[in-house]
Amino acid sequence: MENIKGVKGIADKYNIPVFFDAARFAENAYFIKQLEPGFEDKAIGDIVKEMFSYGDGCTMSAKKDALVNIGGFLAFRKKEDYEKALEWQIPFEGFATYGGLAGRDLEAIARGLREVLDEYYLEDRIGQVRYLGSLLSACGVPIVKPTGGHGVYVDAKSLLPHLPRNQFPAQALTVELYLEGGVRGVELGGCAFGHKDPETGEDVWPELELVRLTIPRRVYTDRHMDYVARTLRAVKERASSVRGLKIVHEAPVLRHFTAKFERV
Ligand SMILES: Cc1ncc(COP(=O)(O)O)c(C=O)c1O
1 MENIKGVKGI ADKYNIPVFF DAARFAENAY FIKQLEPGFE DKAIGDIVKE
51 MFSYGDGCTM SAKKDALVNI GGFLAFRKKE DYEKALEWQI PFEGFATYGG
101 LAGRDLEAIA RGLREVLDEY YLEDRIGQVR YLGSLLSACG VPIVKPTGGH
151 GVYVDAKSLL PHLPRNQFPA QALTVELYLE GGVRGVELGG CAFGHKDPET
201 GEDVWPELEL VRLTIPRRVY TDRHMDYVAR TLRAVKERAS SVRGLKIVHE
251 APVLRHFTAK FERV
């Protein structure tokens with residue numbers, strides 16, 4: 001909450017509106033409750049209300065903390081902002097009363113937004129992520145600590161130190177996890193965030209080279225987590241034989257969604 005207040009203070013100083021990416025709002029509120037002094041006895045719903053009191057609105061990918069399988073929304077504090085966005089909604093989504101999401105999905109979102117505030121749910125969900133993190137740490141797989149609310153991030157640079165950045169260690173690890181055990185992770189490293197310097201043409205690499213193991217909520221059991229950890233361990237045991245990759249196709253923007261690779 002201190003960070004949110006800090007952002008709000010700077011934004012106010014420069015007259016910039018604050019919009020939350022609210023995809024993980026309830027998980028974030030849970031972390032505030034767990035970690036921030038003064039919030040330990042507050043209800044998650046009250047923490048959420050305070051968080052949003054510092055914002056002018058939010059974007060929401062409802063597949064996350066609205067606990068639904070599809071959809072999203074924009075929310076605004078000021079009516080004028082809402083009305084401006086509504087004008088743009090017509091060409092992109094259709095008019096408010098008939099475009100976009102079906103009524104059934106809107107109803108599911110409305111319920112999900114309340115259900116996600118249940119602390120037992122949040123403890124179970126975030127506890128499962130923590131459990132996977134502890135299994136991976138126990139078998140020496142390097143991960144980002146502390147674990148987050150929705151997934152565990154594996155440090156591919158440390159796990160595959162023989163691969164240079166231009167051979168995409170995190171993407172190579174993602175491929176190996178799938179081949180080893182059918183485990184689908186996502187690269188968040190040199191492919192997702194690297195680029196060529198427009199002036200020098202040199203590769204510019206992000207500091208981190210991670211694989212995100214995102215855990216869908218209410219799908220997997222802890223036995224599945226055991227399986228994922230075993231798969232990681234098996235790849236770790238043959239790490240030095242993992243081969244690097246080169247890009248053979250990339251889109252001009254957001255290349256990681258559609259890039260194609262070959263082994264080096
Ligand atoms: C915080 C956050 N915002 C946005 C997104 C992306 O949502 P979408 O795929 O609906 O664009 C994600 C996906 O993981 C996320 O974690």
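Oh and the sequence shown: position 95 is 95 in the working numbering, straight run, nothing missing. Glycine is no exception: its CB is placed at the ideal position from the N, C-alpha and C atoms. Computed from a predicted model, the values in this text were never measured in an experiment.
Check whether the Cβ atoms of Arg-243 and Val-211 sit closer than 8 angstroms, and answer yes or no.
Not in contact: Arg-243 and Val-211 (Cβ atoms no closer than 8 angstroms).
Looking at the strands, I want to know which residues DSSP matches up with Leu-188.
Leu-210
Please determine whether the Cβ atom of Asp-65 lies at a distance below 7 angstroms from any heavy atom of ligand 1.
no
Ligand 1 and Arg-111: does any heavy atom of the ligand fall closer than 7 angstroms to the residue's C-beta?
no
Can at least three beta-carbon pairs, one atom from the segment 109-129 and one from the segment 18-28, be found at a separation below 8 angstroms?
yes
Leu-86 versus Val-248: straight-line alpha-carbon distance, rounded
41 angstroms
Where are the alpha helix (DSSP H) runs, 4 residues long or more, that stay fully inside the segment 81-165, in chain order?
103-115, 119-138, 156-159
Look at the alpha carbon of Leu-177 and the alpha carbon of Leu-135, and state the distance between them as a whole number of angstroms.
16 angstroms
Since Leu-213 and Val-152 are thought to touch, with beta carbons under 8 angstroms apart, how far apart are those beta carbons, to the nearest angstrom?
5 angstroms
Could you check which residue in Tyr-120, Ala-156, Ala-22, Ile-47 has the C-alpha nearest to that of Lys-265?
Nothing in the structure corresponds to residue 265, since the chain is present only between 1 and 264.
First and last residue of the uninterrupted alpha helix (DSSP H) at Val-235:
222-237
How is Lys-260 classed by DSSP in three states: helix, strand or coil?
Note: Lys-260 maps to strand in three-state DSSP.
How is the alpha helix (DSSP H) around Glu-12 delimited, first residue to last?
The sequence given here places Asp at residue 12; Glu does not occur at that position. Unbroken alpha helix (DSSP H) run through Asp-12: 2-13.
Where DSSP assigns a beta bridge to Val-204, which residues make up the other side?
His-195
Cβ neighbour criterion (16 or more within 10 Å) applied to Phe-96
It should be noted that the sequence gives Ala, not Phe, for residue 96. It counts as exposed.
Roughly how many angstroms lie between the CA atoms of Leu-74 and Ala-62, to the nearest whole one?
10 angstroms
Check whether the segment 176-193 and the segment 221-240 are in contact - that is, three or more C-beta pairs closer than 8 angstroms.
yes
With H, G and I counted as helix, E and B as strand and the rest as coil, what does DSSP make of Ala-170?
Of the three classes helix, strand and coil, the one that applies to Ala-170 here is helix, per DSSP.
Beta bridge counterpart(s) of Asp-21 as assigned by DSSP
Thr-59
C-alpha distance - Asn-15 paired with Ala-22, whole-angstrom precision:
21 angstroms
Check whether the Cβ of Ala-234 sits closer than 7 angstroms to any heavy atom of ligand 1, and report yes or no.
no
Cut-off 7 angstroms between Cβ atoms - residues of its own chain near Tyr-54, not counting five sequence neighbours on either side:
Ile-4, Lys-5, Lys-8, Val-18
Let me confirm a value: Asp-65 is counted as buried when at least 16 other C-beta atoms fall within 10 Å, else exposed. Which label applies?
Asp-65 should be labelled buried.
Option in Ala-239, Arg-217, Thr-200, Phe-168 with minimal Cα separation from Glu-207:
Phe-168
For Lys-78, report the span of its alpha helix (DSSP H) as first-last.
Counting along the chain, Lys-78 falls outside any alpha helix (DSSP H), and DSSP gives it neither H nor E.
Is there at least one non-hydrogen atom of ligand 1 closer than 7 angstroms to the beta-carbon of Ser-61?
Correct: Ser-61 has its Cβ closer than 7 angstroms to ligand 1.
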